[in-house]
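Asker: Following full-length UniProt numbering, the numbering of the sequence shown begins with 1 at its first residue and continues without gaps. We put the CB at the ideal spot given by N, CA and C, even for glycine.
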Amino acid sequence: MKDVVQGSLVHLTEMRDGDAEWLQDTQWEPGLLRNLSADAFHPFTAAEYSELAAEPDNNERFFFMVRANADDGLLGWVMLDDVYFKNRRATLGIALPVASDRGQGFGEDTLNTVLAFAFNELGLHKVTLEVNANNVPAIHAYQAVGFVREGINREGVYQDGRWLDLYSYGILASEWQDVSRETEE
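1. Could you pull out every residue in the same chain whose Cβ sits closer than 8 angstroms to the Cβ of L164, ignoring the five residues on either side in sequence?
2. Which residue spans inside the UniProt domain "N-acetyltransferase" (20-165) form an unbroken beta strand (DSSP E) run of at least 3?
3. Could you check if G103 is buried or exposed, using at least 16 other CB atoms within 10 Å of its CB as the buried criterion?
4. So for S8, helix, strand or coil by DSSP?
5. State the beta-bridge partners of G170 as determined by DSSP.
6. Going by the beta-carbon positions, is the gap between L75 and V10 smaller than 9 angstroms?
7. Can you have a look at G18 and say buried or exposed, based on whether 16 or more other CB atoms are within 10 angstroms of its CB?
8. How many whole angstroms separate the CB atoms of L111 and A90, which I take to be in contact at a CB cut-off of 8 angstroms?
9. Using the Cα positions of I171 and F63, report the straight-line distance between them to the nearest angstrom.
10. Can you have a look at R162 and say buried or exposed, based on whether 16 or more other CB atoms are within 10 angstroms of its CB?
11. Pick out whichever of A20, P30, T13 has its Cα sitting closest to the Cα of S100.
12. Counting C-beta neighbours from all protein chains within 10 Å, is the total for Y49 16 or more, i.e. buried, or is it exposed?
13. Buried or exposed for G151, going by 16 or more other Cβ atoms inside 10 Å?
14. Using the Cα positions of V83 and V114, report the straight-line distance between them to the nearest angstrom.
15. Counting C-beta neighbours from all protein chains within 10 Å, is the total for F106 16 or more, i.e. buried, or is it exposed?
16. Work out the CA separation of Y169 and V179 for me, nearest whole Å.
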């Protein structure tokens, strides 16, 4: 039986001692805060990061730390938020703060791993996300696992003195299963 939180390159875990402090420290990595689609006007403290992972019985949020399979090293976090079981949908958030960890397949593997959890374990039908129009590497990763652009919030993000579009993406369970089957072949 396949481990539901184990990918090819990464595995998803609970927050462990020292993880919140690592997140607090790595939020200063170049490009991280500015690429979050949320209104990240102020940086988080370790306590605020811990709150994200708190309440393990809360079925509206599933927060995971992302670790490398090779050495159990911390890579970032991924979250399913605003989980609605009646309508079987959730919103996805992901961050791999350290630039040198990006571009190695960890992001796509994290997406596939959390989508497997969302669709195969939680029984969700749809997962959505938002991404800044200028975050090309993230958009590439989202599209590679099967996310489809569903809308544009025109000039929804203010950055560097100019307005950028904010893209809305979604993926249905059936779409992800089709894409994940193709990559297995």
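Answerer: Per the coordinate set shown:
1. Looking up residue 164 in the sequence shown gives position 164. Counting only Cβ-Cβ distances below 8 angstroms, and skipping sequence neighbours, we find N132, A133, N134, E155, G156, V157, Y158.
2. Counting only runs of 3 or more, we get 62-68, 74-84, 89-95, 126-132, 148-159.
3. Here residue 103 is taken as the residue at index 103 of the sequence shown, counted from 1. G103 is classed as exposed because its beta carbon has fewer than 16 other beta carbons within 10 Å across all chains shown.
4. By 1-based counting over the sequence shown, the position of residue 8 is 8. S8 falls in the coil class under three-state DSSP.
5. For the purposes of this step, residue 170 is taken as the residue at position 170 of the sequence shown. According to DSSP, G170 shares a beta bridge with T128, V148.
6. Along the sequence shown, read from residue 1 onward, the residue named residue 75 stands at position 75. Along the sequence shown, read from residue 1 onward, the residue named residue 10 stands at position 10. Against a cut-off of 9 angstroms, the Cβ pair of V10 and L75 comes out as a contact.
7. As a first step, residue 18 is located in the sequence shown; it is residue number 18 there, counting from the start. G18 comes out exposed.
8. Sequence index remark: in the sequence shown, residue 111 carries index 111 (1-based). Sequence index remark: in the sequence shown, residue 90 carries index 90 (1-based). Between L111 and A90 the beta-carbon gap is near 13 angstroms, outside 8 angstroms, which marks them as no contact.
9. Start at 1 with the first residue of the sequence shown, and residue 171 comes out as number 171. Start at 1 with the first residue of the sequence shown, and residue 63 comes out as number 63. I171 and F63: Cα-Cα distance of roughly 19 angstroms.
10. The residue you call residue 162 lines up with position 162 of the sequence shown. Around the CB of R162, fewer than 16 other CB atoms lie within 10 Å, so the residue is classed as exposed.
11. Counted from its first residue, the sequence shown places residue 100 at position 100. Nearest of A20, P30, T13 to S100, Cα basis: P30.
12. Looking up residue 49 in the sequence shown gives position 49. Counting Cβ neighbours within 10 Å, Y49 comes out buried, since at least 16 surround it.
13. Counted from its first residue, the sequence shown places residue 151 at position 151. A residue is called buried once 16 or more other Cβ atoms fall within 10 Å of its Cβ, and G151, having fewer, is exposed.
14. Position 83 of the sequence shown, counted from the start, is the residue given in the question as residue 83. Position 114 of the sequence shown, counted from the start, is the residue given in the question as residue 114. Looking at the two C-alpha atoms, the distance is approximately 13 angstroms.
15. Mapped onto the sequence shown, residue 106 falls at position 106. So F106 counts as buried.
16. As a position in the sequence shown, residue 179 is number 179, starting the count at 1. As a position in the sequence shown, residue 169 is number 169, starting the count at 1. Taking the straight line from one Cα to the other gives about 16 angstroms.
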